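Undergrad: Be aware that the sequence shown starts at 83, since it is given in the working numbering, and climbs by one per residue. Here a beta-carbon is modelled for each residue, glycine too, at the ideal position from N, C-alpha and C. The model shown is predicted, which means the values in this text are computed figures rather than measured ones. Please find one structure pasted underneath; my questions will follow.
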Amino acid sequence: LFHLLPVVGIVVFLWTVVAQRCASGRSALGQQKPRLRPGRSNSTRPRAPAFLTFSVQQQRASQPTEPPHTTELAPPCKSRFSASRSRPGVPCLPPLERYPYSTMSSVRTALGRRVESAIRPDIPETICGSFEKVEDATICVKALTEADAIGDERSTGLSFSIAPRDHYGEYLSNRYGLATVSMNCRAQNSTAQEGVGKGKCAQTSPAEECYEAEHKVNKACLGPIAKQRWKTPYDYQTFKPQLIGRRPLSVHLSIDTPGAEWSTLDQLLKLTPQLLNTVRTLHMSVDLEAIWEDDYPWVLQGRMETLQRIHERVVTLERLRGHFRVAGNTLEYDREQFKMPDNCTHGMWCTEPNVHSMQNPLTKFSVTYVNLRLVESLNGGAEADSGVA
């Protein structure tokens with residue numbers, strides 16, 4: 083018994099310490115202040131940078147005990163251009179019958195609202211005369227046919243793409259007789275018919291690539307640095323060399339390079355006003371989540387959070403509105419094609435996308451712009467009213 087006394091004393095001491103800790107924990111829990119909402123901060127703690135806030139809010143995306151069965155009511159609408167993908171005017175986006183995602187992040191839905199606002203079409207049909215829809219682009223007809231007070235040279239189509247075929251360039255060539263240049267580092271030995279003359283391509287098979295006007299192919303891709311190579315044998319070109327020496331409002335620019343457009347668009351917006359205003363129209367297919375080859379080193383080092391990258395890209399879309407007006411986008415078509423998977427409709431909720439509205443994901447879409455100076459010129463020198471019906 084004498085030898086057991088130290089052991090018993092140690093056990094009693096440890097039991098006392100544990101009991102005191104538990105009692106103090108329960109007391110502190112009862113006095114705990116309510117947690118601040120995401121994005122709020124008290125006066126004694128400085129706010130974190132925006133991209134860190136996004137990362138925290140992404141991790142703290144709330145999972146409601148009972149996801150909402152209905153969404154915000156939208157005014158009734160009806161599509162006016164059901165036969166095309168890209169459409170002018172305010173898109174008709176009817177709400178879903180049931181919210182389909184397992185979580186509801188205010189950050190992701192806020193990004194979705196910003197995307198919808200940034201690419202909302204705002205050019206009235208009276209300014210364009212009419213709209214033509216081709217593939218995923220909306221053509222403002224007067225932007226290609228009207229002689230305006232600013233542009234004083236025959237326009238040129240300039241396409242940056244990695245697709246096997248440039249349908250947008252073909253349309254500009256065959257419909258409007260524009261000379262076109264395709265920048266495509268992955269272009270194979272082309273079998274396209276080039277410069278065959280007006281009306282000749284209509285006699286060929288739609289499966290054959292054909293240009294009635296002059297057409298050139300440059301085997302270089304779009305990139306933030308000229309002739310950059312990153313684990314690929316491809317050469318890269320920036321916008322600047324392609325725009326130097328061009329007349330004002332003389333370039334119809336098309337971009338379809340998933341992921342590579344963002345850093346180059348940022349460079350485009352930083353060009354001098356003279357170079358930026360050489361772009362008459364801008365059509366692009368974008369992917370807010372795409373990771374381009376030049377992004378890989380940052381992603382691998384953990385220095386580029388997904389929502390941080392998407393936020394910066396949404397800011398780029400918003401900055402474009404300072405220089406261009408929107409002729410059309412594919413949001414209405416994408417809403418029509420969006421179908422909730424079966425596991426979302428039978429009580430199993432789907433993973434929330436990084437950017438979405440109450441209707442559908444907003445990560446991939448196409449949008450067509452017209453230079454603001456051209457819109458004002460076509461409108462008689464007055465700024466176009468953004469209230470498009």
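What alpha helix (DSSP H) runs, 4 residues minimum, are completely inside the stretch 259-284?
TA: Runs of the alpha helix (DSSP H) inside the stretch 259-284: none found.
Undergrad: Is Glu-294 buried or exposed, if buried means 16 or more other CB atoms sit within 10 Å of its CB?
TA: Numbered from its first residue, the sequence shown carries residue 294 at position 212. So Glu-294 ends up on the buried side.
Undergrad: Could you check where the alpha helix (DSSP H) with Asp-416 kicks off and where it finishes?
TA: Mapped onto the sequence shown, residue 416 falls at position 334. Asp-416 -> alpha helix (DSSP H) spans 413-419.
Undergrad: For Arg-162, count the other beta carbons within 10 Å of its own beta carbon; 16 or more makes it buried, fewer makes it exposed. Which is it?
TA: The residue you call residue 162 lines up with position 80 of the sequence shown. The residue is exposed, with fewer than 16 neighbouring Cβ atoms inside 10 Å.
Undergrad: Kindly confirm or deny that the stretch 405-424 and the stretch 215-230 touch, where touching means at least three C-beta pairs closer than 8 Å.
TA: They touch, by the three-pair rule.
Undergrad: To which residues of the same chain is Tyr-253 closer than 6 Å at the C-beta, ignoring the five residues directly before and after it?
TA: In the sequence shown, residue 253 corresponds to position 171, counting from 1. Cβ within range, chain order: Val-216.
Undergrad: Just how far apart, CA to CA, sit Leu-155 and Met-186?
TA: Sequence index remark: in the sequence shown, residue 155 carries index 73 (1-based). Sequence index remark: in the sequence shown, residue 186 carries index 104 (1-based). Low local confidence applies: a pLDDT of 44 at Leu-155 is under 50, so the model's placement there is unreliable, with the coordinate-based value given in what follows. If I take the Cα positions, the gap works out to 17 Å.
Undergrad: Give a yes or no on contact between the stretch 255-272 and the stretch 297-309, applying the rule of three or more CB pairs nearer than 8 Å.
TA: In short, these stretches touch, since the Cβ pair count reaches three.
Undergrad: Which word fits Pro-203, buried or exposed, when buried means at least 16 other C-beta atoms lie within 10 angstroms of its C-beta?
TA: On the sequence shown, residue 203 is found 121 positions in, with the first residue counted as 1. Counting Cβ neighbours within 10 Å, Pro-203 comes out buried, since at least 16 surround it.
Undergrad: For Arg-257, count the other beta carbons within 10 Å of its own beta carbon; 16 or more makes it buried, fewer makes it exposed. Which is it?
TA: As a working note, residue 257 is residue 175 in the sequence shown. Exposed.
Undergrad: Can you confirm whether the stretch 188-204 touches the stretch 436-449 when touching is taken to mean that 3 or more C-beta pairs between the two stretches lie within less than 8 Å?
TA: With the cut-off at 8 Å, the stretch 436-449 and the stretch 188-204 touch.
Undergrad: Three-state secondary structure (DSSP) at Gln-223?
TA: Residue numbering aside, residue 223 sits at position 141 when the sequence shown is read from its first letter. The residue asked about is misnamed: residue 223 is Val in this sequence, not Gln. Here Val-223 sits in coil by DSSP.
Undergrad: Mapping DSSP to helix, strand and coil, what is Cys-159?
TA: Within the sequence shown, numbered from 1, the residue matching residue 159 stands at position 77. The answer is coil: DSSP assigns Cys-159 none of H, G, I, E or B.
Undergrad: Within 9 Å of any Cβ in chain B, is that where the Cβ of Pro-88 sits?
TA: The structure shown contains no chain B, having only a single protein chain.
Undergrad: Since Leu-353 is in the beta strand (DSSP E), which residue starts that stretch and which ends it?
TA: Residue mapping note: residue 353 aligns to position 271 of the sequence shown, counting from 1. Leu-353 -> no beta strand (DSSP E), and no H or E assigned at all.
Undergrad: Pull up the CB-CB distance for Leu-456 and Arg-395, whole angstroms please, since I reckon it's below 8 Å.
TA: For the purposes of this step, residue 456 is taken as residue 374 along the sequence shown, with counting starting at 1. For the purposes of this step, residue 395 is taken as residue 313 along the sequence shown, with counting starting at 1. In fact, because the Cβ distance is near 25 Å, the residues do not count as touching under 8 Å.
Undergrad: By alpha-carbon positions, which one of Thr-450, Gln-270, Glu-198 and Glu-290 ends up nearest to Ala-302?
TA: Here residue 302 refers to the residue found at position 220 of the sequence shown. Here the closest residue by C-alpha is Gln-270.
Undergrad: Cα separation between Cys-426 and Cys-432?
TA: Working through the sequence shown from its first residue, we reach residue 426 at position 344. Working through the sequence shown from its first residue, we reach residue 432 at position 350. The alpha-carbon atoms of Cys-426 and Cys-432 are separated by roughly 5 Å.
Undergrad: Between Gln-275 and Glu-179, what straight-line distance do the alpha-carbon atoms span, to the nearest angstrom?
TA: The residue labelled residue 275 in the question sits at position 193 within the sequence shown. The residue labelled residue 179 in the question sits at position 97 within the sequence shown. Taking the straight line from one Cα to the other gives about 50 Å.
Undergrad: Please name the residue in Lys-446, Arg-403 and Gln-419 whose C-alpha comes closest to that of Ile-205.
TA: Within the sequence shown, numbered from 1, the residue matching residue 205 stands at position 123. Per the Cα distances, Arg-403.
Undergrad: Could you spell out the range, first to last residue, of the beta strand (DSSP E) harbouring Leu-86?
TA: Counting from one through the sequence shown, the residue named residue 86 turns up at place 4. Per DSSP, Leu-86 belongs to no beta strand (DSSP E) and is neither H nor E.
Undergrad: Would the beta-carbon of His-495 fall within 9 Å of that of Val-449?
TA: Any question about residue 495 goes unanswered here, given that the chain covers just 83 to 471.
Undergrad: CB-CB under 6 Å to Pro-323, same chain, minus the five flanking residues each way: which ones, in chain order?
TA: Indexing the sequence shown from 1 puts residue 323 at position 241. Around Pro-323: no qualifying Cβ.
Undergrad: For Thr-238, name the three-state secondary structure that DSSP assigns.
TA: Position 156 of the sequence shown, counted from the start, is the residue given in the question as residue 238. Of the three classes helix, strand and coil, the one that applies to Thr-238 here is strand, per DSSP.
Undergrad: When you compare each of Glu-198, Leu-325 and Leu-226 to Glu-400 by their alpha carbons, which one comes out closest?
TA: If you number the sequence shown from 1, residue 400 lands on position 318. The option with the nearest alpha carbon to Glu-400 is Glu-198.
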